[in-house]
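As you go down the protein sequences, you meet chains A and B in turn. Residues 1392 to 1900 in this note's numbering are what the first sequence spells out, letter by letter. Residues 49 to 657 in this note's numbering are what the second sequence spells out, letter by letter. Backbone N, C-alpha and C define an ideal beta-carbon position, used for all residues, glycine too. Presented below is the structure to which this report refers.
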Amino acid sequence: MSIEITAEQSKLFKMALESSTTLDMQNLSTQTGVDLPMVMGSMTFAQDQGWIKITEQSREELIAQEGAREAINKGLPERQFLDVLHQESGSMPMKMVASKSQELGIKVNDIIKWGTMKEWFEKDKGNLSLGKQAEQALQEKADDEKALALVVEKERLFIDELPEEINPDYVKRFLKKRSDLVKCKERTLRFVEVTKKGKKEIPSLSVKAEEKNILSSEDIVSGKWKEIKLRSYDVTLAAEPKKTVKNHPLQKIIQETRRTFLEMGFTELVSSHLETGFWDFDALFQPQDHPSRDMQDTFYMKRPHEGDLPSKNIVEKVKKTHEDGGDSGSTGWGYKWQTKEAKRMILRTHTTATTVHYLAQNPNPPSKVFSVGRVFRNETISFKHLPEFHQVDGIIVDSEASFRNLLGTIQAFYNKMGFKKVKFKPSFFPYTEPSAEVFVWMEQKNCWIELGGSGIFRPEVTIPLGCNVPVLAWGLGLERLAMLRYGVSDIRTLYESDLDWLQEVRLCQ
Amino acid sequence: MPVIGIPVKHLHKLLGEEIALEKLTETVEQLGCDLEDVNKTNVYQCPGCGSFSERLEHEDAPQRCLACGNEEEKAFPLISSDEVIRLDLLPARPDLFDAAGLARAIKGYMRIETGLVKYDVAPAKLVVEVDSTLKEKNSYRPYIVCAVVEVPPIETDVLRSLMKLQENLHWGIGRDRKLSSIGVYDLSTIKGPIRYRAVGPEELTFCPLGNPDEEMTPREILEKHSKGKAYAHLLQEFAKYPLLEDSQGQVLSMPPIINSHETRVKEGSSQLFIDVTGTTKSDVEKSLNTLLASLMEMQGKVSAVEIVCEGTSKTTPRLDSGSININLETARRWLGLDISLDDFEKDLARMRLGVAGEFPNYTISYPAYRTDIKHEVDIFEDLAIAYGYQNMNLDLVPTMTVGQARPEEEMAQRARQIMLGLGFVETMSLMLTTQADHFSKLCLKPEKNHALIENPKSAEHNIVRMHLMSGLMGSLLKNRRKALPQKYFEVGNVVLVDKKAGNHTHTREEKRLAFTIVDSETGYAEIRSILDAVFYELGWEGQYQAYDHPSFIPGRCARVTLPSGFSACLGEVHPEVLNNFGLANPVALAELTVAEVIGNHYKGESRET
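Right under this line is the structure:
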């Protein structure tokens, strides 16, 4: 089995092989530019292969400290004082030593400690006098001073590298403890010596191609990529999560609803969010004292306060239908209808206001129209209620239309929206007859959910508007659908714009 | 909507057989009732006035009576615990408000007993004299209808059912006693003739229900009694109050507030006098007829009462059947159901209706309690219910039509697509907003062209938005502690009040697009490049001009006019606005009109027919 080494390793081994001296690892690192941990790793590997031998050697090293340079420039404290004492005839009282040293800005303790140790001074009955070695010292610098100068020059110096004329023991004795000047540290050097086996095998080792994570543009253009090995990844590891920007979840439902009705051949309508009571209630045969017209349930406008009624012809017919049934074949509600009440501006309470207005403008069959929009109820905001929400209303005006077609249309709509099961239950609405409540089966919740109401417009609604054929009508809520689909339990969530929710919600589920 | 609990046991008794609960609930739903659930209800009785309070099993027993205001230290005694079918009341069908009415409908639907119910009314023995002052404005409650009913000695469950029905008719027909209110009395405590008249607030005293030892004047009742206080608003504009009393001066009741204690119905009562007073003739009649029909379902025998007013006399109640003509062919077309003649007759009978005539024209007789029938389509509905919605074969209208989207909605979709492509998150905000959010915090002064609500439940939410900025600021505020940058957009309608708009609502509506960026460093240049990109995609070209807008930093805001006449506004949001909204980072924002939704093209006029 042939062993492959990296380009870096090859560089290191060759350096070790070709060097005339035995190199230590630090040296190898400096000379090759390969970082030290990599050098150590490679050499350990090489030693395991028997190519090299690593020998360790401990050496004492002196490292210059902050005070060292000053000490060289000014002289060590004992040196400075030696000169003073020499000039002062070789002796002075201890008191004077103290005051003199203060003048020089040096510590009296340093002078006495190191000076007496070096036998430059000696204490004698309250006087300090020149000692035995003073003469010698005045002639020539001591070995520790010479060594210190070298350390300052080179910043660090092994003791075994000191020139021969300097006595290492003297240096150690006087410098080792002066930690303000130098620190003495023991260091292990790892020398690399190429073995015989190494000398034989290293030159013929094959070198691995360069490994990289990413190709640079230069790598690609120059063709260098051919020599580069791209590392393989663990493709099973999880990746960094990413968030997408998207439509609002409720908007998604609105657009699906629009698309579905368009696909079913319906024409889209819009109308004003502000509406007269006439189109929201009166045209739908809701008596003017009906509880839903109560201030408790409906938002009445202060501005604009009143709107315009349609042509007199229609207003008269609607009025008469309310009062005694008019031409509709009905008995009516039997009360006095007020124009003023019908003119009152409100925020529309259902989008049926939109479809019935369209019916008045287009009473002749056939037509199929729908409208998605916001409707308003005078509610305080809570987790269950909002004062506004979306509805889709639709009508089919067709001489052939029947109640069975109505239920069939709604069933087709919800089937297309993804609900497989739809059911209907009789209900009672003021402007449709018969009326049906619409339920869809929620697979996840295992229950039926009510989503809206439907029915055939009463003749009391259609006849005054000039329409003599059945008009199938429905109004379905969208918020509930959105809440069910996206697992929202608080309706306020839909309008709160919480970024986390907007990004986390799965739109395409 | 009130919920009523129909005791299953009572229903079984009325039906004369024990029908499985599942079958019962299925049937009431097929009849059109809104089933809430099946539950256990505890019934408690007030030791003071004897009225009943119902509580669900998990709820605490009451200590205070809502009818008479009586408060006890101990919980009221539990008199029964029933399994009940709970239904939402259907305002349109008061005849299904109680167990008796429901039983009558179920019996028909399940073919236990079918056909029109005939009601016999024995001749009048009792007279009620009505004082004409009740037609005057200062004591207006002119309509009164009455009946006498003989019943088997009343048991607790019947008494409860009767009181509950009375309460629900007050809600469903009477609009909380305004249009009509019912009084039920033990006839044995009354000596006719009865007088219905208006009295002054201090004219007399009587003991109201639940207060046998405390004589009160009408004024005191309105001021002190719990029911008096609750309904005082119905009489507050009157100088005189309606009152029923017998020939001995015994007060029966002060409609629509309270009965007297002396004349109240008790367990064991077997002769009942009933009055309904009110402000509309049809509602007092509906209330009485519905109540009587239920009592008769419980073996009640009705006698008429003679009502004398200003020398003219009439008798009530009138429990004759009504009739309406229908065409079976029309019904078949309307429902899309090929109903056979045999089924037609049988189904009508199941819906407790009578039928006479020959194909295709029939006269349908309906009982007095069916107050909802106005038109032949109401009978069609009964036919559909009898057929069963679940049995219908559903299909689509045969006519082919071509669909068409609204151009402004399509434009809105294009705008959304562009903004998503530019990396903006879509938000939706409410159209209702507050003065503070919509104007003050944005350093704007409200002008006269925003729509204003008169009666909002939460007083602050009284403005319909006229721009989209406050919605976006809300989004920034909601997410202010989340990582930057953030980019949002909204597409939606704004409403502008405009008398010259040329449509019946005096408003214009525009479809707007607004978008915003918040980042540690953002500004005019960034928002402008986004707006330019939007214009590029739409194929629009605009003229930028320096613009002073109080919401933006002066010198860093522009207005763009477009050849279409639409405009846009963009800039760096003013730090004062950021302070006002509690935002800590620079915000740039732009808003533009992308389509006119409601404007001059939208006419309120309907085509002449």
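- prompt: Should B:L104 go down as buried or exposed, given a rule of 16 or more other Cβ atoms within 10 Å for buried?
  reply: Position 56 of the second sequence, counting from 1, holds the residue named residue 104 of chain B. Burial call: exposed.
- request: Would you mind stating whether B:L79 and B:Y157 have Cβ atoms separated by less than 8 Å?
  value: Counted from its first residue, the second sequence places residue 79 of chain B at position 31. Counted from its first residue, the second sequence places residue 157 of chain B at position 109. The answer is yes: Cβ separation under 8 Å.
query: For B:P266, which three-state DSSP category applies?
result: Taking the first residue of the second sequence as position 1, residue 266 of chain B is located at position 218. If DSSP states are grouped into helix, strand and coil, B:P266 belongs with the helices.
query: Helix or strand or just coil, what does DSSP make of A:E1602?
result: Locating residue 1602 of chain A in the first sequence gives position 211, where the first residue counts as 1. Under the three-state reduction of DSSP, A:E1602 is assigned to strand.
message: Is it the case that the segment 1730-1737 of chain A contacts the segment 321-341 of chain B, given that we only count it when at least three CB pairs across the two stretches are under 8 Å?
response: With a cut-off of 8 Å, the segment 1730-1737 of chain A and the segment 321-341 of chain B do not count as touching, because too few Cβ pairs lie within range.
- prompt: For the alpha helix (DSSP H) that A:N1806 lies in, which residues bound it at each end?
  reply: As a first step, residue 1806 of chain A must be located in the first sequence, where it is residue number 415. Residues 1794-1807.
- prompt: What is the residue span of the beta strand (DSSP E) that A:D1426 lies within?
  reply: Walking along the first sequence from the start, residue 1426 of chain A turns up at place 35. Run containing A:D1426: none; DSSP gives neither H nor E here.
query: What do you get for B:N541, buried or exposed, if any count of 16 or more other CB atoms within 10 angstroms of its CB means buried?
result: Residue numbering aside, residue 541 of chain B sits at position 493 when the second sequence is read from its first letter. Burial call: buried.
C-alpha distance - B:V642 paired with B:H515, whole-angstrom precision: Here the question's residue 642 of chain B lines up with position 594 in the second sequence. Here the question's residue 515 of chain B lines up with position 467 in the second sequence. Each residue's Cα considered, the two are about 13 Å apart.
query: What is the residue span of the alpha helix (DSSP H) that A:R1871 lies within?
result: Position 480 of the first sequence, counted from the first residue, corresponds to residue 1871 of chain A. Secondary structure note for A:R1871: its alpha helix (DSSP H) is the uninterrupted segment 1870-1877.
query: In terms of alpha-carbon separation, which member of A:L1893, A:S1702, A:Q1677, A:S1595 lies closest to A:Q1752?
result: Residue 1752 of chain A sits at position 361 when you count from the first residue of the first sequence. For A:Q1752, the nearest C-alpha among the options comes from A:S1702.
task: Determine the extent of the alpha helix (DSSP H) in which A:I1611 is found, giving its start and end residues.
output: In the first sequence, counting from the first residue as 1, residue 1611 of chain A sits at position 220. 1608-1613 is the span of the alpha helix (DSSP H), which, as asked, contains A:I1611.
task: Evaluate A:Y1624 with the Cβ neighbour count: other Cβ atoms within 10 Å of its Cβ, from every protein chain shown; 16 or more gives buried, anything less gives exposed.
output: Taking the first residue of the first sequence as position 1, residue 1624 of chain A is located at position 233. So A:Y1624 ends up on the exposed side.
query: Using a beta-carbon distance below 8 Å, is A:R1871 in contact with chain B?
result: Position 480 of the first sequence holds residue 1871 of chain A. With 8 Å as the cut-off, A:R1871 does not count as an interface residue toward chain B.
- request: Would you mind sorting B:E665 into buried or exposed? The rule is 16 or more other CB atoms within 10 Å of its CB.
  value: This structure cannot settle anything about residue 665 of chain B, because the visible part of chain B is limited to 49 through 657.
Cβ neighbours of B:A606 in the same chain (closer than 7 Å, five flanking residues each side left out): Start at 1 with the first residue of the second sequence, and residue 606 of chain B comes out as number 558. Closer than 7 Å at the Cβ level, and outside the excluded window around B:A606, lie Y592, Q593, A594, Y595, L618, G619.
task: Compare the C-beta of A:E1707 with all C-beta atoms of chain B and state if any pair is closer than 8 Å.
output: The residue labelled residue 1707 of chain A in the question sits at position 316 within the first sequence. Interface annotation, A:E1707: not in contact with chain B, CB-CB separation never under 8 Å.
- prompt: List, in order along the chain, the chain B residues whose C-beta lies closer than 7 Å to that of A:R1849?
  reply: Residue numbering aside, residue 1849 of chain A sits at position 458 when the first sequence is read from its first letter. What A:R1849 touches in chain B: H423, V425.
query: Which same chain residues, not among the five before or five after A:G1725, have their C-beta less than 8 Å away from its C-beta?
result: Locating residue 1725 of chain A in the first sequence gives position 334, where the first residue counts as 1. Hits under 8 Å: E1714, D1715.
- request: Taking only beta-carbon positions, decide if A:P1825 is within less than 8 Å of chain B.
  value: Walking along the first sequence from the start, residue 1825 of chain A turns up at place 434. Closer than 8 Å: yes.
- request: Taking C-beta pairs closer than 9 Å, name the residues in chain B that A:Y1691 reaches, listed in chain order.
  value: Within the first sequence, numbered from 1, the residue matching residue 1691 of chain A stands at position 300. Contact annotation for A:Y1691 against chain B: I501, E502, N503 [CB-CB distance below 9 Å, chain order].
field: Straight-line Cα distance separating B:L144 from B:D85
entry: To locate residue 85 of chain B, count along the second sequence from 1; it is residue 37. To locate residue 144 of chain B, count along the second sequence from 1; it is residue 96. Rounded to whole angstroms, B:D85 to B:L144 spans 17 Å at the Cα level.
- request: Quick one: which unbroken alpha helix (DSSP H) runs of 4-plus residues sit fully inside the segment 1484-1524 of chain A? Chain order, please.
  value: Taken in chain order, the complete alpha helix (DSSP H) segments of 4 or more residues contained in the segment 1484-1524 of chain A are 1485-1495, 1499-1508.
task: Indicate whether at least one CB of chain A lies closer than 8 Å to the CB of B:D443.
output: For the purposes of this step, residue 443 of chain B is taken as the residue at position 395 of the second sequence. It does: the Cβ of B:D443 has a partner Cβ on chain A nearer than 8 Å.
- prompt: First and last residue of the alpha helix (DSSP H) that includes B:H309?
  reply: Stepping through the second sequence from its first residue, residue 309 of chain B is reached at position 261. DSSP places B:H309 in no alpha helix (DSSP H); its state is neither H nor E.
task: Leaving aside the five residues before and after A:S1420 along the sequence, list all residues of the same chain whose C-beta is less than 7 Å from its C-beta, in chain order.
output: The residue you call residue 1420 of chain A lines up with position 29 of the first sequence. Closer than 7 Å at the Cβ level, and outside the excluded window around A:S1420, lie D1426, L1427, V1430.
task: Say whether chain B places a C-beta atom closer than 8 Å to the C-beta of A:L1539.
output: What you label residue 1539 of chain A is simply residue 148 of the first sequence in a count that begins at 1. Among the CB atoms of chain B, none fall inside 8 Å of the CB of A:L1539.
field: Extent of the continuous alpha helix (DSSP H) run through A:G1668
entry: Along the first sequence, one-based indexing puts residue 1668 of chain A at 277. Unbroken alpha helix (DSSP H) run through A:G1668: 1668-1671.
message: To the nearest angstrom, how far is the alpha carbon of B:Y650 from that of A:L1700?
response: Position 602 of the second sequence holds residue 650 of chain B. Position 309 of the first sequence holds residue 1700 of chain A. Here B:Y650 scores only 41 on pLDDT, less than 50, and its place in the model should not be relied on; the value that follows carries that caveat. In a straight line, the C-alpha of B:Y650 is about 14 Å away from that of A:L1700.
query: Is the distance from the Cβ of B:S568 to the Cβ of B:L532 below 8 Å?
result: Counting from one through the second sequence, the residue named residue 568 of chain B turns up at place 520. Counting from one through the second sequence, the residue named residue 532 of chain B turns up at place 484. Cβ atoms of B:S568 and B:L532: closer than 8 Å.
message: Can you confirm whether B:T447, when its beta carbon is compared against all beta carbons of chain A, has any partner nearer than 8 Å?
response: As a first step, residue 447 of chain B is located in the second sequence; it is residue number 399 there, counting from the start. Yes - at least one Cβ of chain A is within 8 Å of the one on B:T447.
- prompt: Can you tell me whether DSSP reads B:E656 as helix, strand or coil?
  reply: Here residue 656 of chain B is taken as the residue at index 608 of the second sequence, counted from 1. Any reading at B:E656 needs caution, since the residue's pLDDT is 29, under 50, leaving its predicted position unreliable; the model's value is listed next. DSSP places B:E656 outside both helix and strand once states are collapsed to three, so it counts as coil.
message: Taking contact to mean 3 or more Cβ pairs, one atom from each stretch, closer than 8 Å, check whether the segment 1674-1691 of chain A and the segment 570-586 of chain B are in contact.
response: No: the two stretches stay apart, fewer than three of their Cβ pairs being nearer than 8 Å.
field: Cα-Cα separation between A:S1662 and B:H552, rounded to whole angstroms
entry: Looking up residue 1662 of chain A in the first sequence gives position 271. Looking up residue 552 of chain B in the second sequence gives position 504. Distance from the CA of A:S1662 to the CA of B:H552, rounded to the nearest whole angstrom, comes to 11 Å.
task: Could you name the residues of chain A that B:Q452 contacts, counting a contact when the two beta carbons are closer than 7 Å?
output: Residue mapping note: residue 452 of chain B aligns to position 404 of the second sequence, counting from 1. The contacting residues are T1658, E1659.
- prompt: So what does A:T1658 bridge to, in DSSP terms?
  reply: In the first sequence, residue 1658 of chain A corresponds to position 267, counting from 1. Paired residues: A:V1760, B:Q452.
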